[in-house]
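Per our numbering, the very first residue in the sequence shown carries number 542; after that it's consecutive.
Note that beta-carbon positions come from the ideal geometry of N, C-alpha and C, so glycine has one too.
In this text the structure is predicted, and so the values were computed from the model without any measurement.
Structure first, then comments.
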Amino acid sequence: QVQLVESGGGLVQAGDSLRLSCAASGRTFTHAMGWFRQAPGKEREFVASITQTFGTTYYADSVKGRFTISRDNAKATIYLQMNSLKPEDTAVYYCAVKATRTSSFGPWGQGTQVTVSS
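Here it is in structure tokens:
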């Protein structure tokens with residue numbers, strides 16, 4: 542089993558930047574890792590993911606050009622660099638693993654709060 546710990550959230554103003562980190566421990570070799578977010582009253586949504594072997598990245602349309610996902614396999618850690626933040630980016634951000642190419646994402650970390658004020 543893998544354990545995930547997110548960090549780096551906080552309160553920022555619109556236009557600011559934040560970098561989130563997600564450190565994995567336990568069974569850390571997976572097909573991919575990703576970031577999701579859940580705003581109050583909304584369902585959890587996909588933000589970005591990166592494959593472990595080739596570093597292939599995927600992004601939600603809402604964050605393309607503003608967010609960058611990266612990984613450090615030696616540290617079993619992924620990052621989410623978030624630039625030009627908007628109030629609509631306010632959410633709890635979760636990381637998760639994808640064990641195989643065809644499996645769903647999970648388990649999940651505990652989440653880190655990102656709040657963007659206007």
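Buried or exposed: residue i, going by 16 or more other Cβ atoms within 10 Å of its Cβ?
i, result
"D669", "It is not possible to answer for residue 669, since the shown part of the chain is limited to 542 through 659."
"G575", "buried"
"A615", "exposed"
"F595", "exposed"
"L559", "buried"
"L552", "exposed"
"T653", "buried"
"S590", "buried"
For residue i, which residues from the same chain have a beta carbon less than 8 Å from its beta carbon, with the 5 sequence-adjacent residues on both sides left out?
i, result
"V543", "A565, S566, G567, R568, T569, T571, V638, P648"
"P628", "A555, V657, S658, S659"
Within a Cβ cutoff of 6 Å, which residues of the same chain sit near residue i, ignoring the five residues on either side of it in sequence?
i, result
"S611", "Y620"
"Q579", "R585, A632, V633"
"G582", "none"
Within a Cβ cutoff of 7 Å, which residues of the same chain sit near residue i, ignoring the five residues on either side of it in sequence?
i, result
"T609", "Q622"
Return yes when the Cβ of residue j is within less than 8 Å of the Cβ of residue i, no when it is not.
i, j, result
"S625", "G549", "no"
"A601", "E584", "no"
"S658", "Q593", "no"
Starting from residue i, trace the beta strand (DSSP E) in both directions and tell me its first and last residue.
i, result
"G664", "Since the displayed the chain opens at 542 and closes at 659, residue 664 lies outside it and no answer follows."
"S590", "586-592"
"G647", "646-649"
"K583", "Careful: K583 lies outside any beta strand (DSSP E) and carries neither H nor E."
"E547", "543-548"
Starting from the Cα of residue i, find the closest Cα among the options and give me that residue.
i, options, result
"F577", "R642, Q651, V657", "Q651"
"A573", "Q554, T618, V546", "T618"
"D613", "S562, E547, V546", "S562"
Are there any heavy atoms of the ligand PLP lying less than 7 Å away from the beta-carbon of residue i, as far as the coordinates show?
i, result
"K583", "As for the ligand PLP, it is missing from this structure, which has no ligand bound."
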